[in-house]
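Chemist: Using numbering that gives the first Met the number 0, the first residue of the sequence shown is number 0, and each one after it goes up by one. Just so it is clear, CB atoms sit at the ideal spot from N, CA and C, and this is done for glycine as well.
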Amino acid sequence: MTTEPAVTVIVSNYNGLRNLGECFESLERLDYGARRLMLMDNASSDGSVEYVRARFPGVTVVRNPKNLLFAGGMNAAMRRALDEGAEFIALLNDDTAVDRRWLSEMMRTIAASPDIGAVAPRLMFHANRRMINGIGVALDRFAYGLDRGQGELFSGRYARSEEVPAFTGGACLLRAAALRRVGLFDATFRAYYEDVDLSFRLRAAGWRVVTAPDAVVYHKHSASWVEGSPRKRYLTLRNRLLMMARYFPADELARRVVPDLIREQRREAAAEARRGDWRSLAARLRAFLSALRLLPRALRFRFRFPASVARGLYARCLPAVHPAALPYPKWDYRRPAEGERLPRRILVGVNDLVLGDGWLPLDCRVFPQARWMGRDADCFLAAEKGAGNVLQLHLFQPLDPGGPQVLTVAMDGERLGAFPIPRGEWTTLRIPCIPSGDAVLVSFSLDRYLPADLGAQRHDLGVQFNEVSLLPEGSPFIRDAAAGDVSPAEGGSSPR
Numbered sequence: 000m001t002t003e004p005a006v007t008v009i010v011s012n013y014n015g016l017r018n019l020g021e022c023f024e025s026l027e028r029l030d031y032g033a034r035r036l037m038l039m040d041n042a043s044s045d046g047s048v049e050y051v052r053a054r055f056p057g058v059t060v061v062r063n064p065k066n067l068l069f070a071g072g073m074n075a076a077m078r079r080a081l082d083e084g085a086e087f088i089a090l091l092n093d094d095t096a097v098d099r100r101w102l103s104e105m106m107r108t109i110a111a112s113p114d115i116g117a118v119a120p121r122l123m124f125h126a127n128r129r130m131i132n133g134i135g136v137a138l139d140r141f142a143y144g145l146d147r148g149q150g151e152l153f154s155g156r157y158a159r160s161e162e163v164p165a166f167t168g169g170a171c172l173l174r175a176a177a178l179r180r181v182g183l184f185d186a187t188f189r190a191y192y193e194d195v196d197l198s199f200r201l202r203a204a205g206w207r208v209v210t211a212p213d214a215v216v217y218h219k220h221s222a223s224w225v226e227g228s229p230r231k232r233y234l235t236l237r238n239r240l241l242m243m244a245r246y247f248p249a250d251e252l253a254r255r256v257v258p259d260l261i262r263e264q265r266r267e268a269a270a271e272a273r274r275g276d277w278r279s280l281a282a283r284l285r286a287f288l289s290a291l292r293l294l295p296r297a298l299r300f301r302f303r304f305p306a307s308v309a310r311g312l313y314a315r316c317l318p319a320v321h322p323a324a325l326p327y328p329k330w331d332y333r334r335p336a337e338g339e340r341l342p343r344r345i346l347v348g349v350n351d352l353v354l355g356d357g358w359l360p361l362d363c364r365v366f367p368q369a370r371w372m373g374r375d376a377d378c379f380l381a382a383e384k385g386a387g388n389v390l391q392l393h394l395f396q397p398l399d400p401g402g403p404q405v406l407t408v409a410m411d412g413e414r415l416g417a418f419p420i421p422r423g424e425w426t427t428l429r430i431p432c433i434p435s436g437d438a439v440l441v442s443f444s445l446d447r448y449l450p451a452d453l454g455a456q457r458h459d460l461g462v463q464f465n466e467v468s469l470l471p472e473g474s475p476f477i478r479d480a481a482a483g484d485v486s487p488a489e490g491g492s493s494p495r
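#1: Less than 8 Å between the beta carbons of V8 and L102, yes or no?
#2: Which of helix, strand or coil does DSSP assign to T503?
#3: Using CA coordinates, which residue listed in L81, I109, T108 and G72 is at the minimum distance from L91?
#4: Judging by CA-CA distance, which residue of N74, V97, T95 and A309 is the nearest neighbour of E193?
#5: Once DSSP output is grouped into helix, strand and coil, what is the label at W371?
#6: By a C-beta neighbour count over all protein chains shown, 10 Å radius and 16 as the cutoff for buried, is W371 buried or exposed?
#7: Suppose only complete runs of 4+ residues qualify. What are the alpha helix (DSSP H) ranges in the region 235-315, listed by chain order?
#8: Grab me the residues of A319's own chain with a C-beta within less than 6 Å of its C-beta, minus the 5 sequence neighbours each way, in chain order.
#9: Cutting at 6 Å between CB atoms, please list the residues of its own chain near Y403, excluding the five before and the five after it.
#10: Only counting the same chain, and skipping five residues up and downstream in sequence, which positions put a Cβ closer than 7 Å to that of S160?
#11: Determine which residues share a DSSP beta bridge with E413 and list them.
#12: Would P236 pass as a contact of L380 if the rule is Cβ separation under 8 Å?
#13: Taking DSSP as the reference, what is the three-state secondary structure of I109?
#14: Would DSSP call F537 helix, strand or coil?
#15: Give the single residue among R207, N127, A269 and F188 whose Cα lies nearest to the Cα of P113.
#16: To the nearest angstrom, how far is the alpha carbon of A438 from that of R447?
#17: So the alpha helix (DSSP H) V195 belongs to, where does it begin and stop?
#18: Can you check the region 134-182 for any beta strand (DSSP E) of at least 3 residues that lies completely inside it and give the ranges in chain order?
#19: Name the DSSP beta bridge partners of Q404, please?
#20: Residue range of the beta strand (DSSP E) that E466 falls in?
#21: For R239, is the classification buried or exposed, using 16 other Cβ atoms within 10 angstroms of its Cβ as the cut-off for buried?
#22: Quick check on D82: buried or exposed, where buried means 16 or more other Cβ atoms within 10 Å of its Cβ?
#23: What residue range is occupied by the uninterrupted beta strand (DSSP E) comprising N388?
#24: Are L312 and Y246 touching if we call contact CB-CB under 8 Å?
#25: Could you tell me which residues DSSP pairs with H218 in its beta bridges?
#26: Helix, strand or coil, according to DSSP, for F55 in the structure here?
#27: When the Cα atoms are used, what is the spatial distance from R232 to E267?
#28: Would D375 and S474 qualify as a contact pair, given that the criterion is a beta-carbon distance under 8 Å?
#29: Could you tell me the boundaries of the alpha helix (DSSP H) in which S25 lies?
#30: Please classify R78 as buried or exposed, where buried requires at least 16 other C-beta atoms within 10 Å of its C-beta.
#31: Once you ignore the five residues that flank V136 on each side, which residues in its own chain have a CB closer than 8 Å to its CB?
#32: Quick one: what does DSSP say N12 is sitting in, helix, strand or coil?
#33: Whose C-alpha, out of R189, L298, T59 and G205, is nearest the C-alpha of V308?
#34: Put L36 into one of helix, strand or coil per three-state DSSP.
#35: How about F23 and V51: are their beta carbons less than 8 Å apart?
#36: Would you report the Cα separation of P434 and D411, rounded to the nearest angstrom?
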């Protein structure tokens with residue numbers, strides 16, 4: 000009889016008492032026998048450790064004397080697991096529940112080849128188990144970590160195991176031999192991007208990171224960290240900057256990345272100042288100051304890291320999932336600045352530099368298919384004043400918001416029409432219009448939104464867009480008439 004390799008499953012926790020019962024109950028139902036369960040606790044004060052010891056006495060507890068955050072805390076637990084002979088280590092956030100085949104499917108995947116160092120399972124949203132939270136991680140050229148498939152319904156597109164740039168530390172399987180060779184998480188990162196950094200080091204050493212789509216985890220997205228909190232903003236921005244300093248080729252940094260990063264940060268800081276969001280603005284400043292303080296260490300790492308390997312990682316790990324950002328700054332104050340140009344076409348899934356308010360932020364966007372709008376959204380387009388144009392929208396609603404949705408579209412405050420959005424199919428709207436200026440504000444509003452339990456645990460999702468274009472009549476970009484086109488809703492205004 001073949002002996003199963005020993006796996007230690009480490010659950011990270013900080014004041015996550017409300018999640019631990021469901022998490023460990025699901026782990027106890029795993030169909031993989033040679034497992035050991037471990038709780039890594041970062042000095043919780045909510046009774047988490049006492050609860051686990053009483054309710055799950057077979058769980059080993061590694062209790063840190065202070066909150067070491069994710070990277071430091073997990074390193075302490077992984078060192079213990081390695082010292083005790085674990086051949087493989089699985090990491091898991093406390094705000095999860097796993098399918099009974101989660102571990103066995105990851106083990107089946109990693110056993111397929113000795114050069115696989117890490118496995119990324121399929122994370123689904125806990126509140127909407129049909130919707131993908133992520134299947135591995137990719138990056139764009141600003142070092143944004145993008146959860147592959149987020150917001151999509153699971154389909155054949157992700158059904159086969161494939162190599163990916165990185166895994167997410169919130170749910171993964173790691174080969175102990177690989178960790179002994181390249182090391183554990185870099186505790187400098189504290190939380191966020193420590194998993195991407197380790198993925199880069201694994202790949203540089205010849206190990207592969209692959210997906211296991213049949214290994215399923217249900218994730219309560221951002222249950223451990225408040226989405227958009229200043230602390231999270233600080234860590235994600237700081238660590239993105241460190242990733243750039245460590246791995247990005249110098250010519251790419253000088254030619255494209257740094258100039259665009261400066262423009263991005265100036266725009267976002269100005270928006271925070273206008274909103275009076277001083278906590279987020281302070282977090283942004285702290286992130287840059289901390290990254291500057293850590294820059295010498297990052298550069299020492301960079302000089303030890305072969306330049307050819309770094310360039311290869313950059314080429315492989317930053318694919319064209321996010322094409323070069325359009326050279327159009329966001330149009331603020333409802334009018335373009337002198338000398339600025341606006342696009343006539345926006346492919347919403349691939350950039351956000353010209354979008355207005357009401358869209359999910361870049362690091363939460365649907366990847367790479369389309370992008371969710373919220374309750375209301377707007378964007379800014381170049382126009383030909385007084386000429387006949389067509390406002391073309393391409394959109395999709397994969398979920399059931401509890402009834403038909405009607406999308407109201409306006410241009411510079413004038414209503415163009417209200418249109419029913421069918422569920423489950425891509426829809427093209429072509430709306431004739433005559434712009435009143437050389438630049439227009441296009442606004443969208445929905446009469447019905449997704450309830451929180453259907454909206455990937457985000458309130459008020461509207462529909463997915465992947466195109467908003469303002470085109471002259473006769474443009475070759477105007478889509479042919481096809482099934483799925485819709486007319487104004489009954490009782491609504493007809494487009495002018």
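Modeler: Quick answer:
#1: yes
#2: Outside the displayed span of the chain (0 to 495) sits residue 503, for which this structure offers no information.
#3: G72
#4: N74
#5: strand
#6: buried
#7: 257-274 and 277-303
#8: Any reading at A319 needs caution, since the residue's pLDDT is 33, under 50, leaving its predicted position unreliable; the model's value is listed next. Once the five neighbours on either side are set aside, A319 has no close Cβ partner at all.
#9: Correcting the residue identity first, residue 403 is Pro in this sequence and not Tyr. Cβ neighbours of P403 beyond the five flanking positions: P419.
#10: T108, V209, T210, A211 and P212
#11: M410
#12: Here the sequence assigns Leu to residue 236, which means Pro is not the residue at that position. Not closer than 8 Å, so no.
#13: helix
#14: The chain is shown from 0 up to 495; residue 537 falls before or after that span and cannot be answered.
#15: R207
#16: 29 Å
#17: E193 to A203
#18: 136-138, 144-146 and 170-174
#19: I420
#20: Q463 to P471
#21: buried
#22: exposed
#23: N388 to F395
#24: yes
#25: T95 and F124
#26: coil
#27: 12 Å
#28: no
#29: L16 to E27
#30: exposed
#31: A119, G144, L145, D146, R147, V163, P164, A165, F166, T167, D194, V195 and S198
#32: strand
#33: G205
#34: strand
#35: yes
#36: 9 Å
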